[in-house]
Each structure stands twice: as C-alpha cells, then as structure tokens.
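Whatever position you read off the sequence shown (first residue = 1), add 4 for the numbering used here.
The C-beta atom is built at its ideal place from N, Cα and C for all residues, glycine as well.
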Amino acid sequence: MAERRAGVGAGSEVRAVVAGFRKLAADTGRRPLLVALDFDGTLAPLVDDPSASRALPGATAALVGLVALTASARVHAALVSGRALGDLHTLAQPPVGTFLIGSHGAERARVTAFGLDRDVVQLDDAMADLLVSLGAEVAADARGRDGVWLETKPTAV
Numbered sequence: 005m006a007e008r009r010a011g012v013g014a015g016s017e018v019r020a021v022v023a024g025f026r027k028l029a030a031d032t033g034r035r036p037l038l039v040a041l042d043f044d045g046t047l048a049p050l051v052d053d054p055s056a057s058r059a060l061p062g063a064t065a066a067l068v069g070l071v072a073l074t075a076s077a078r079v080h081a082a083l084v085s086g087r088a089l090g091d092l093h094t095l096a097q098p099p100v101g102t103f104l105i106g107s108h109g110a111e112r113a114r115v116t117a118f119g120l121d122r123d124v125v126q127l128d129d130a131m132a133d134l135l136v137s138l139g140a141e142v143a144a145d146a147r148g149r150d151g152v153w154l155e156t157k158p159t160a161v
C-alpha cells in the first residue's frame with residue numbers, strides 16, 4: 005500500500021483513467037465534461053507542512069493526460085483547493101489549459117503558456133479592513149501554540 009501512495013506502479017491505472025476520459029470526450033452526443041479534482045488529499049498526500057505538499061507522480065501524469073483532452077473543448081480539467089491560487093499553482097505545477105479554483109472558490113484562473121489568466125479578487129475597503137483585523141486576532145490567539153500556523157489568503161485567514 006505504501007508503494008501505491010508513493011505513486012509507484014500506478015502507470016497502468018493512470019493510462020486506464022485517461023483512456024476512460026478519452027472515450028467520454030470522443031462521444032459527441034455527450035455534453036462537455038468537467039473533471040474537477042481536489043489537490044490536497046487527492047492528487048497530493050496530506051502532510052503536516054502545507055508548503056511541503058507535492059502531487060504524486062501518477063497524479064501529475066493523469067492530469068497531463070486529462071488536460072491533453074481539453075483541446076477537443078469537450079473535456080475541461082480543474083484543480084480545486086482551499087489554498088490561495090498562487091500557492092496552488094506553485095505546488096501543483098499544473099499543465100497549460102488547467103483551470104484553478106483557489107481560496108474555496110474565491111479565486112479563479114486558467115493556466116496559460118504565459119502564466120495565469122486570473123479573475124482578480126476585489127475586496128471593498130470594509131472587507132479588507134475586516135480581513136486584516138481578523139488576521140491580527142487569529143495570529144494573537146495562535147502565537148506560542150505548538151503545531152499551529154496561520155495561513156493568510158486573499159479572502160480568508
């Protein structure tokens with residue numbers, strides 16, 4: 005089981021998954037297909053340090069194969085995460101054509117050859133002030149507690 009978690013020996017499974025999506029994409033009678041995958045705990049194992057998370061090799065290969073199908077405009081691939089969009093992009097290193105949904109849906113982008121084509125998150129002044137205030141309160145509560153860290157995101161703490 006440990007080998008499977010490490011992505012070892014998963015090549016035939018990856019090929020089978022991609023072949024299944026290829027078959028769905030070829031069915032012109034079907035509506036377009038969206039395959040949305042969570043990053044943490046699905047493509048990447050859960051780890052104690054969120055910044056150390058990386059996608060498993062088999063998961064990366066499956067995503068690359070899936071995104072290759074998006075040229076048909078019948079299949080769309082997305083990574084969904086509670087992470088900030090920039091962190092998701094850096095850690096997942098998704099292929100061009102992947103949609104990214106970060107910060108629990110507050111941030112959206114598509115990976116292009118030139119970087120991210122993103123929708124800009126706009127907080128009004130009151131919301132921005134509230135976010136800063138809440139962040140300061142949570143940071144004060146977390147200070148000095150072992151195993152507790154604070155993640156500041158564009159729309160959340």
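Lys-157 is a Cβ neighbour of Ala-88, given a cutoff of 8 Å. In its chain, beyond the 5 residues on either side, Val-68, Val-71 have a beta carbon closer than 6 Å to the beta carbon of Pro-99. In the three-state scheme derived from DSSP, where H, G and I count as helix and E and B as strand, Glu-111 is classed as strand.
Per DSSP, Asp-121 is one residue of the beta strand (DSSP E) stretching across 119 to 123. Excluding five sequence positions before and after Leu-95, the CB atoms of its chain that fall closer than 6 Å to its own CB belong to Ser-57, given in chain order. Per DSSP, the beta-bridge partners of Gly-106 are Glu-111. Asp-129 carries a helical assignment under DSSP once its states are collapsed to helix, strand and coil. Taking Arg-112 as the centre and dropping the five residues before and after it, the same chain places the C-beta of Leu-89, Phe-103, Leu-104, Ile-105, Gly-106, Arg-122, Asp-123 closer than 8 Å to its C-beta, in chain order. In terms of CA proximity to Asp-31, Leu-73 leads the group Asp-129, Pro-54, Leu-73. Take the alpha-carbon of Val-142 and the one of Thr-116: they are about 36 Å apart. Contact check for Val-84 against Leu-138 fails: the beta carbons are separated by 8 Å or more. DSSP places Asp-42 inside the beta strand (DSSP E), whose first and last residues are 37 to 42.
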